[in-house]
Structure formats: structure tokens, C-alpha cells
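Top line first, the protein sequences correspond to chains A and B.
So that you can map any letter, position 44 of the first sequence is 44 in this note's numbering, and since no number is skipped, the others follow by simple counting.
Residues are numbered in this note's numbering as their position in the second sequence, beginning at 1, plus a constant of 1000.
Yeah, the Cβ is synthetic: ideal placement off N, Cα and C, and Gly gets one too.
Below is one structure; the comments refer to it alone.
Number of protein chains: 2
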Amino acid sequence: MKPDVEFAVWASDRQQRIESVLESALDAGAAATDTLAAAMRYATLGGGKRVRAILAYAAGELAAANPMDVDPAAAAVELIHAYSLVHDDLPAMDDDAVRRGKPSCHVAFGEATALLAGDALQALAFAQLAHAPVAPAKAVAILAEASGIRGMAAGQAADLAATGGSLSLVELESMHRLKTGALIRAATALGARAGRADESTLAALDTYAAAIGLAFQVVDDILDVEGSTATLGKTAGKDAARGKPTYVTTLGVDAAREHAAVLRAQAHAALAPLGARARRLAEIADWVALRRN
Amino acid sequence: MKPDVEFAVWASDRQQRIESVLESALDAGAAATDTLAAAMRYATLGGGKRVRAILAYAAGELAAANPMDVDPAAAAVELIHAYSLVHDDLPAMDDDAVRRGKPSCHVAFGEATALLAGDALQALAFAQLAHAPVAPAKAVAILAEASGIRGMAAGQAADLAATGGSLSLVELESMHRLKTGALIRAATALGARAGRADESTLAALDTYAAAIGLAFQVVDDILDVEGSTATLGKTAGKDAARGKPTYVTTLGVDAAREHAAVLRAQAHAALAPLGARARRLAEIADWVALRRN
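Here you go:
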């Protein structure tokens, strides 16, 4: 198989795996007939690139973890991501009616149910880690830090505050380090910690994940300008419409593309000391930086 | 000192303790100048009866726990409670403008910030337990279960679904067991587990806490009819105004009062096998059942 085909097969296998892990986590929660449970399933299953889960599995493979030991971490980061999208799409926030190619959760289920579904997805994320076989308390600490006031939530608040204004590149990166980067770093760290990784490996992975997190956002901003709603599965051009500062408004398209290339190179450089066992993570860097949707 | 005065002194001491524990937890989170951090502090500090924290401390004392070992549990349940109030007061939910005697969080900070503050408070709750000295993973599992799709969130969804209709006593109790009861049971269990409690003690405490949780709600419903906004610190009469089924609409005031007395007796009966070391918990049962605000 060609290397990129071989990676696509591997990634698709992990996407199927996380889908089934998330199915089980959601099924354990409640009766299928319940509206709240239906909203949680709707918001979580059947969509998304699963970048965070895939990073967790790849970091777990690097650390010789049993994939079953990575499942709770992979599910937890995807559940946090799913809840953040549900809340982010609410009218009080980004007011977005399309997500993953279908009506947003609050459009399908109403605002109150969407709000509660997000809340319950967050609790379910921590429940996954509580039952993780390796160092569950440390994992909870990492996820709580990444998703709370010093992580994702702070980034979303900064995003709100910046809407309608402009940001320097430094300010923009600082916002995205929190909003997207923190959870991507947590996904990688949690995956690696499900196996055996020494401190220098964890540090290298963190540098890698920080670069990947920013690259992901730069590419998102470029696609928001160049993509269509159909290929993206979410509303195209919405950042510009809402007056949000992006890498494209801050740097222009060409410099943004160059910046993504630099971040991709940083990610590869961070992996260099880890040798061949970092191959999947290197492939993910290319996937994230070169993706078209 | 008269017993009830002595209890009031003890309870006030624990209220001050949890206030300071919550202050530290929130300070560790972020710079004081940050709007999101300010909204989290506003929603959490300086108010509330702290019933959940007090239950955790009392259960901890019964189990000979070091109060410092109970602090994370007490903080975690109060943070979950605070987040649930912030989200519950949002226009998409109960749309309530007054909470703990002051403007609700979204009135003071805007809806988007209130939504994020609630989200970040939930993450902060789990962060407390991650650093708990005794069995942190088990504690996380208990709190996640109590606050998620099989606990508080499910109760809030049932509450939404019931608004405008009527419920049988069985349906009403089933809703409140989830909405209020699950977190009150978790508070008691987490406090006891910070010390040494055998399975039969934990089972007795759980029966006690389940009765207390319902008694709390019955009294809430009576006070909602009979109290004023000034004494309650939240909008009086709001349940009736919103067409919510309550113990008063389901049973009438007199039978509701009788029901509260029965639940109080059930709580005392559950404590009987535990002897004198359950004194604080017995006093809490009286406090909850006989309170005027």
C-alpha cells in the first residue's frame, strides 16, 4: 500500500473504533427513548474527523499502550469536544445552525435540551476517565485543566471578547492555544500516559501537539474562506460574517498558508528525537496541515 | 450552649470553611481581572446555604475524616451546584433574573459568559476531586454519575418536560430524586468516603441522604408559595408562574407539610443504627425540614 493510503486505512480503523467506544459510553448512560440521551447521541455520534481521538490512539501506540487502555481517554476528549460544539453553536454564543453537515443540536432538540446535553456530555467525559485503567486521577486533572478556566473555556471567552475587533498574531495564537490547543495537547498526553512514556517523550509530544493544535486552526481559517458549507459540514464564511479575527484576516491567505507549513515543520521537528515509532503522529501532522475539509 | 445554637455555630463554621476553600479553588484558576473568572466567582461565592458542603463535612466527621480530606469533595459538590444554577437561570431554561439575592449570572455578565462560566465551574469541580487525597477516581465516578445523564441533568430534563403539565407524586419524586437528590446523595457519600466508612454505614447514609434530598425539595416548594423573594433570595412564586408541578400543586400545602415530616422521620430512622456519631447529620435533617428560607 502507498503510505498515505496505509495511513488512511489506519485512521479509518481508529475512527470506527472511537465511534463504537462512544456508542457504548452513551448507551450506558440512559434509555434510548429519552430525549436528553437522544440529543447527546445526536451531538456525539456519526460525524467529525475525530482528530482528538486519533491523536490519543497514535500517542498511545507510540507509548506501547494497549488500545483498550486508550479508549477512555479517546472517548473523554471527543465527548468534551462534542459538548463544546453544542454550547458554541447556541444562539447566545456563535448561533450556528449547521454542524457536521446536519442541523445543530439546539436546532434539532431546542435550546434547553442542547444546553443540558452539553452539560451531561461533559460529566460523561469525566466518567470515562474515572474508569480508566491507568492513573485515572492524573487523567482527570489533565482533562479538567485543558477544558476549564485555564484551557478551552478561557479560549472561548477570549474568542467572544475578540469578536468584532482585530488581534495581533500573538493575541490570536494565545487565544487558539487555549480554545483548540489545550484539548489537543490533552488528547496526546492522555494517550501517551495510557502506555509507558518518560518525561522527555511527554515533553516532545506536548511540543508536537501544541504545533498541531495551531496548524489545525490556521487550516480551519483558510478553509472557512475557501471551502463551501457542503464540503466543510458547517457554515462556510461564518467567521468573516461574524467579524471574528482569524489567521486569514490577521495575516492574509498566503502568509496563513506559510504559517501552517511552519507549524507542520515544527511538529515534525518535535517528533524527530522519537524516531520511527512516531510515524503515525507524523502522518497526522501532514493530515491536519494538508486537509481540504 | 443550647443544642440548636451549638449546631448553628458548627454549621456557620463549615460555611466559612467552604467559602474559603472555594475562594482558593477559584483563585487558582485564573487572574482576578478576567471576566470569565469574575463570573465564576460571582456565581459561586458569597451565598447559599451550602447544604451540600455541610452534608459532606458532617458525613466526613461521622467517618472520622480529616476535614482537609473532605474539602475537595465539599468544594466539588458546591461547584456543580453553582454551575447548575447558572445554567438553570438562563433564558433558555428557567429564565430567572434573581439568584441568592442578587442578579443572576447571565443578567450580570451576559448569556455567553454565564454559559461558559457554568461549563468551566463543572470542569473545576472535577479538578478538585482529581487532587483529592482519598480514592480520587472513585470520587470522580460518583460525582459524574450524580451530575450527568443518570443524575442531575436527567432531572432537569424531566423538569423541563413536566412544565405546564401535572405529575403524580411518584413521577414528581422520581424527578426530584434526580434533579436535587442525586447530588445531595453524592455529597454525603463523598464526605463519608474521605474517612473510613464500611458498606453498611454508606448504605445507611445513602438512605438518609435520599430522604433529606426529597425533604429539601418539599420545603422548597412550600416556601416558594409562602415565602417572599426577599427572604428566599430568589424569585418567590416562580414555580406556580411557570406552571411547574410541585409538591404543593400535587399534594396541597397541608399534605406537603406532612410529607416533609415523614421524610424527616425517615432520615432520622436511617441514622439510628449509626448512634451518637450521626448527631450532626440528624441536626441537618431538622435544619433542612424546618427551615424558613
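Below 8 Å between beta carbons: does that hold for Ala1117/B and Val1098/B?
No, the pair does not count as a contact, with Cβ atoms beyond the cut-off.
How big is the Cα-Cα spacing for Ile80/A and Arg185/A?
Those two C-alpha atoms are separated by around 13 Å.
Below 8 Å on the Cβ atoms is my guess for Ala1215/B versus Leu1263/B; work out the distance and round it to an integer in Å.
Contact flag correct, Cβ pair sits at about 4 Å.
Tell me the rounded alpha-carbon separation between Gly1148/B and Ala127/A.
Between Gly1148/B and Ala127/A, the C-alpha separation is close to 9 Å.
Cutoff 8 Å: Glu1078/B Cβ touching any chain A Cβ:
Among the residues facing chain A, Glu1078/B is not included, as its CB has no counterpart in that chain under 8 Å away.
Expressed to the nearest angstrom, what Euclidean distance is found between the alpha-carbon atoms of Gly1101/B and Ala267/A?
The alpha-carbon atoms of Gly1101/B and Ala267/A are separated by roughly 51 Å.
DSSP three-state call for Val1098/B: helix, strand or coil?
The answer is strand: DSSP assigns Val1098/B an E or B state.
Nearest-angstrom Cα distance between Glu1258/B and Gly181/A?
Whole-angstrom Cα-Cα distance: 55 Å.
Where Gln1156/B meets chain A, residues with beta-carbon distance less than 7 Å:
Within chain A, the residues near Gln1156/B are Leu116.
Note down the Cα distance separating Leu1026/B from Ser20/A, rounded to an integer number of angstroms.
One alpha carbon belongs to Leu1026/B, the other to Ser20/A, and they sit about 37 Å apart.
If we cut at 8 Å on Cβ distances, does Leu1124/B have a partner in chain A?
Leu1124/B counts as touching chain A.
So, helix, strand or coil for Pro1103/B, using DSSP?
Reduced to three states, the DSSP call for Pro1103/B is strand.
Hey, does Asp1119/B have any beta-carbon neighbour from chain A nearer than 8 Å?
So yes, Asp1119/B belongs to the interface.
8 Å Cβ cutoff met for Ala53/A and Ile18/A
A contact, by the Cβ cut-off of 8 Å.
Could you run through the segment 186-204 of chain A and flag, in chain order, every residue whose CB is less than 8 Å away from some CB of chain B?
Here the close residues number zero.
Collapsed DSSP secondary structure at Ser1166/B in the structure displayed
In the structure shown, Ser1166/B sits in coil (DSSP, three-state: anything other than H, G, I, E or B).
Where does His1176/B sit, in a helix, a strand or coil, going by DSSP?
Helix at His1176/B.
Under 7 Å between beta-carbons, which chain A residues line up against His1131/B? List them in chain order, please.
Against chain A, a Cβ distance below 7 Å from His1131/B picks out Ala141.
Pick from Leu1202/B, Met1093/B, Ala1130/B: whose alpha carbon is nearest that of Leu1115/B?
Checking every option, the nearest Cα to that of Leu1115/B belongs to Met1093/B.
Excluding five sequence neighbours on each side, which residues of the same chain lie with their C-beta closer than 8 Å to the C-beta of Ile222/A?
Excluding positions up to five away in sequence, the list reads Tyr247, Val248, Val253, Ala256, Arg257, Ala260.
So, is Pro1072/B buried or exposed, given that buried needs 16 or more other C-beta atoms within 10 angstroms?
It is buried - the Cβ of Pro1072/B has at least 16 other Cβ atoms within 10 Å.
Is it the case that the segment 1191-1211 of chain B contacts the segment 1270-1290 of chain B, given that we only count it when at least three CB pairs across the two stretches are under 8 Å?
Contact between the segment 1270-1290 of chain B and the segment 1191-1211 of chain B is present, with at least three C-beta pairs closer than 8 Å.
If you follow the alpha helix (DSSP H) that Asp1286/B is in, where does it begin and where does it stop?
Residues 1279-1290.
From Val51/A, Gln217/A, Leu178/A, Ala272/A, residue whose alpha carbon lies closest to that of Ser12/A
Nearest C-alpha to Ser12/A: Val51/A.
At a CB-CB cut-off below 7 Å, which residues of chain B make contact with Leu22/A?
Close partners of Leu22/A in chain B (Cβ separation under 7 Å) are lacking, with about 13 Å as the shortest Cβ gap.
Put Lys138/A into one of helix, strand or coil per three-state DSSP.
Residue state, collapsed to three classes: helix.
Could you list which residues in chain A have their beta carbon closer than 9 Å to that of Glu1171/B, in chain order?
Simply none; closest approach about 15 Å.
Could you tell me the boundaries of the alpha helix (DSSP H) in which Asp1254/B lies?
Annotation for Asp1254/B: the continuous alpha helix (DSSP H) segment containing it runs 1253-1271.
Is it buried or exposed for Gly191/A, if we count other Cβ within 10 angstroms and need 16 for buried?
Residue environment analysis places Gly191/A among the buried positions, since at least 16 neighbouring C-beta atoms fall within 10 angstroms of its C-beta.
What is the DSSP secondary structure of Lys1049/B, counted as helix, strand or coil?
Three-state result, Lys1049/B: coil.
Is Pro1072/B helix, strand or coil by DSSP?
Shown here, Pro1072/B sits in a helix according to DSSP, grouped into three states.
Let me know if Ala1125/B comes out buried or exposed under the rule of 16 or more other beta-carbons within 10 Å of its beta-carbon.
Buried is the call here.
Using the C-alpha atoms, what's the distance from Glu226/A back to Ala1130/B?
Each residue's alpha carbon lies about 43 Å from the other.
Among residues of its own chain, excluding the 5 on either side of Gln1015/B, which ones have a beta-carbon nearer than 6 Å to its beta-carbon?
Contacts found: Arg1050.
Within the 8 Å Cβ cut-off, does Ala1032/B reach chain A?
For Ala1032/B, the predicted model reports a pLDDT of 48, less than 50, meaning its position is unreliable; a value from the coordinates is still stated below. Output row for Ala1032/B: interface = no.
Residue-level contact to chain B via CB, Ala37/A, 8 Å cutoff
By this cut-off, Ala37/A is an interface position.
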